[in-house]
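**Q** Take this structure first; my questions come after.
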Amino acid sequence: MRTMHRVKASMLGLAVALTFGGCGILDVENPNNLKEENLELEASAQSAVNGTLSMVARAVADIWQPYMVASDEMYWIGSRDAWLSLDQGFLSDPFNEFTDAAFPNLASARWMADTTVNILAGHVANNPDGKFDGLYARANLYAGMVYMVIGEVQDDFAFSHKDAEAPPVGPANMSSVLDDAIGYLDEAVANSSGDMNTLARAVRARAHHSRAMWPKIKTPTPATPLAVSAAAVADAEYVLGEVGDDWQWDFTYDASTVANGLADWVNSRKENQFDLSFVSIDAAKNMSGVILLDPVDTGEPDPMIVSRLQHFKQATEFTGANKGDRYAPLTLVSADMMHLIVAENLLAGGDTPGFVDEINAVRGAYGLSDYDPGAAGALAPIAMLQRERRAALLIMGQRLGDMYRFGTVDPKWQPQSDALDRPGTLLPITIIERRANCYLEPNQTC
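Number 508 in the numbering used here belongs to position 11 of the sequence shown; there are no gaps in the numbering.
Written out as structure tokens, the structure is:
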């Protein structure tokens, strides 16, 4: 099993409810009941940044699950019909209880991220000695993360500020959210060094690649589905020069901080499970093994998928007590992703040998045989890219976009579903925001 490198998403509170356990920062009776203005204190800066990371970690877990259930990464096995609706490709329903439950956490994480960036910008301006530069870089990094995920999974979004409604961005303009993510990540890169700088560049590589993917996702089966971004390649190559082939960065969760809602529904509640196209399940609906074989070493289950699932389950086996729990880590970026970004750009540019080298760099990290597109029965390069992205980027919030741009159809998608009738459909602004926002139906009173 490959070595995992993780950074902990420590939970200090929800929104402005930050805890300063006994450190005397604020004269309040209940340290969990702090006023918003206390966030602006310099002594609160680290807590604000850490709290932002916690909220982003929680939001990503919550919003990735409906996105994944709508793809062929997960399927519904439980009793809650709203998951079934997503599994069948109906994404746009604003009343779906699970997308509606996830939306407030995503929106609050976004608000907290913006608020924290603004606070830290003030501290940096007031402290030219650089005292707050590192926290400012982290604040921008976490803002870039949440904006990136919004741009990847949402069909629309409204950037309201507390009780001040904002108009929706509009589905045709959602690529601008990815542009904003890149802007935050530019700040994170410019104001960081060492491991933090490497991480910021890795996230920015993903954001640039997602920005290049966006028009491909929104065009049903585009003639040229490959995403091309020189900026993504530059960041990815920088990262690969700094890390080993087993590197990845995770949101992590535990009983003392925040739980992973996605893992809770899969591992504990068993409402959803990984798709039967690549795993087997037992009579109790627990995952029992990987059945999808590697496309080159065809005698063994794909070790990339095995590794991703072992990481999610935090176990080397998938039976009995190893079914996983509600604190599974979620990977945001990895060396595999960086290689695959470079590989895709090389393939788009006609450099098949370079593409093969990048694919084999990923495969080599798992002890797999080299891919040779000229070998008998070998997958064509573009098919190999799709296949390796599916395996190496499992549970990383990428699959539905890949399905749309490459024209992959989930057999569970129903006629008249959004996924079939309107390929490119992502998750909506849900009813909880619509009812509160005067720019949106059913209100539209602004």
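Ideal Cβ positions, reconstructed from N, Cα and C, are used throughout, including at glycine.
If you compare alpha carbons, which of Arg701, Glu649, Trp762 and Val621 is closest to Ile574?
**A** On the sequence shown, position 77 is the one that residue 574 refers to. When only C-alpha atoms are compared, the closest one is Trp762.
**Q** With H, G and I counted as helix, E and B as strand and the rest as coil, what does DSSP make of Gln745?
**A** For the purposes of this step, residue 745 is taken as residue 248 along the sequence shown, with counting starting at 1. Gln745: strand per DSSP, three-state reduction.
**Q** Would Leu617 and Leu638 qualify as a contact pair, given that the criterion is a beta-carbon distance under 9 Å?
**A** Translated into positions along the sequence shown, residue 617 becomes position 120. Translated into positions along the sequence shown, residue 638 becomes position 141. No; because the gap between Cβ atoms is not below 9 Å, this pair is not in contact.
**Q** Sorted by chain position, which residues of the same chain lie with C-beta nearer than 6 Å to Ala728's C-beta, five sequence neighbours on each side aside?
**A** Your numbering for residue 728 matches position 231 in the sequence shown. Same-chain partners within the cutoff: His705.
**Q** Leaving out five residues before and five after Gln702 in sequence, what residues of the same chain have Cβ atoms less than 7 Å from its Cβ?
**A** Here residue 702 refers to the residue found at position 205 of the sequence shown. Per the sequence shown, residue 702 should be read as Ala rather than Gln. For Ala702, where only same-chain residues beyond five positions count, the Cβ hits under 7 Å are Ala729, Asp732, Ala733, Val736, Met835 and Ile838.
**Q** Pull the bridge partners of Val776 from the DSSP assignment, please.
**A** Position 279 of the sequence shown, counting from 1, holds the residue named residue 776. Paired residue(s): Val787.
**Q** Which runs of the alpha helix (DSSP H) at least 4 residues long sit entirely within the stretch 821 to 867? Give them in chain order.
**A** 832 to 845 and 849 to 861
**Q** Can you tell me whether DSSP reads Gln883 as helix, strand or coil?
**A** For the purposes of this step, residue 883 is taken as residue 386 along the sequence shown, with counting starting at 1. Helix at Gln883.
**Q** Nearest CA to the CA of Ala542: which residue from Trp746, Ile892 and Thr612?
**A** Here residue 542 refers to the residue found at position 45 when the sequence shown is read from its first residue. Ranking the options by Cα distance to Ala542, first place goes to Thr612.
**Q** Please report the straight-line C-alpha distance between Arg812 and Leu806, rounded to a whole angstrom.
**A** Counted from its first residue, the sequence shown places residue 812 at position 315. Counted from its first residue, the sequence shown places residue 806 at position 309. The residue asked about is misnamed: residue 812 is Ala in this sequence, not Arg. Computed Cα separation, rounded: 9 Å.
**Q** If I'm right that Ser864 touches Pro800 with Cβ under 8 Å, what's the distance once you round it to whole angstroms?
**A** As a first step, residue 864 is located in the sequence shown; it is residue number 367 there, counting from the start. As a first step, residue 800 is located in the sequence shown; it is residue number 303 there, counting from the start. Note on residue identity: the sequence assigns Gly, not Ser, to residue 864. Rounded to the nearest angstrom, the Cβ distance from Gly864 to Pro800 is 7 Å, consistent with a contact under 8 Å.
**Q** How would you label Pro712, buried or exposed, when you count the other beta carbons within 10 angstroms and need 16 or more for buried?
**A** The residue given as residue 712 occupies position 215 in the sequence shown. Pro712 is exposed by the Cβ-count criterion.
**Q** Are the Cβ atoms of Glu841 and Trp580 separated by less than 9 Å?
**A** Your numbering for residue 841 matches position 344 in the sequence shown. Your numbering for residue 580 matches position 83 in the sequence shown. Their beta carbons are not under 9 Å apart, which means Glu841 does not touch Trp580 by this criterion.
**Q** Let me check understanding here. Comparing Cα to Cα, which of Thr749, Gly921 and Glu885 lies closest to Leu790?
**A** As a position in the sequence shown, residue 790 is number 293, starting the count at 1. Out of Thr749, Gly921 and Glu885, Glu885 has the C-alpha closest to the C-alpha of Leu790.
**Q** Can you tell me the Cα-Cα spacing of Glu662 and Tyr936, whole angstroms?
**A** What you label residue 662 is simply residue 165 of the sequence shown in a count that begins at 1. What you label residue 936 is simply residue 439 of the sequence shown in a count that begins at 1. If you take the alpha carbons of Glu662 and Tyr936, they lie about 7 Å apart.
**Q** With distance defined between alpha-carbon atoms, name the residue in Val755, Phe852, Ser785 and Tyr564 nearest to Gly648.
**A** Stepping through the sequence shown from its first residue, residue 648 is reached at position 151. Cα-wise, what sits closest to Gly648 is Tyr564.
**Q** Classify Asn529 as helix, strand or coil using the three-state DSSP reduction.
**A** In the sequence shown, residue 529 corresponds to position 32, counting from 1. Because Asn529 carries a pLDDT of 41, less than 50, the predicted location of this residue cannot be relied on, and the following value inherits that uncertainty. If DSSP states are grouped into helix, strand and coil, Asn529 belongs with coil.
**Q** How about Leu876 and Pro939: do their beta carbons lie closer than 9 Å?
**A** Looking up residue 876 in the sequence shown gives position 379. Looking up residue 939 in the sequence shown gives position 442. No, they are not a contact pair.
**Q** Could you tell me whether the stretch 595 to 612 touches the stretch 551 to 566, where touching means 3 or more Cβ pairs closer than 8 Å?
**A** The stretch 595 to 612, when compared against the stretch 551 to 566, does touch it at the 8 Å Cβ threshold.
**Q** Straight-line CA distance for Ala491 to Gly619?
**A** What is shown of the chain runs 498 to 943, which leaves residue 491 out entirely.
**Q** Which first and last residues belong to the alpha helix (DSSP H) in which Tyr633 is found?
**A** Against the sequence shown, residue 633 aligns to sequence position 136. Tyr633 -> alpha helix (DSSP H) spans Asp630 to Val650.
**Q** Out of curiosity, what's the CA-to-CA distance linking Gln883 and Thr942?
**A** Your numbering for residue 883 matches position 386 in the sequence shown. Your numbering for residue 942 matches position 445 in the sequence shown. C-alpha separation (whole angstroms): 45 Å.
**Q** Could you check the C-alpha separation between Asp907 and Met671 for me, to the nearest Å?
**A** As a working note, residue 907 is residue 410 in the sequence shown. As a working note, residue 671 is residue 174 in the sequence shown. Going by the C-alpha atoms only, they are around 25 Å apart.
**Q** Determine the DSSP secondary structure at Trp573, reduced to helix, strand or coil.
**A** Against the sequence shown, residue 573 aligns to sequence position 76. Reduced to three states, the DSSP call for Trp573 is strand.
**Q** Which residues does DSSP pair with Phe654 in a beta bridge?
**A** Position 157 of the sequence shown, counted from the start, is the residue given in the question as residue 654. Answer is none; Phe654 lacks a bridge partner.
**Q** For Ser914 and Phe587, which I take to be in contact (beta-carbon distance under 8 Å), what is that distance rounded to the nearest angstrom?
**A** Walking along the sequence shown from the start, residue 914 turns up at place 417. Walking along the sequence shown from the start, residue 587 turns up at place 90. Indeed, because the Cβ distance is near 5 Å, the residues count as touching under 8 Å.
**Q** Phe771 bridges to which residues according to DSSP?
**A** By one-based count along the sequence shown, residue 771 stands at place 274. Its beta-bridge partners are Met571.
**Q** Assign Glu534 to buried or exposed, taking buried as 16 or more other Cβ atoms, counted over all protein chains shown, within 10 Å of its Cβ.
**A** The residue you call residue 534 lines up with position 37 of the sequence shown. Exposed is the call here.
**Q** Do Ala655 and Pro665 have their CB atoms nearer than 9 Å?
**A** Walking along the sequence shown from the start, residue 655 turns up at place 158. Walking along the sequence shown from the start, residue 665 turns up at place 168. Going by C-beta atoms, Ala655 is nearer than 9 Å to Pro665.
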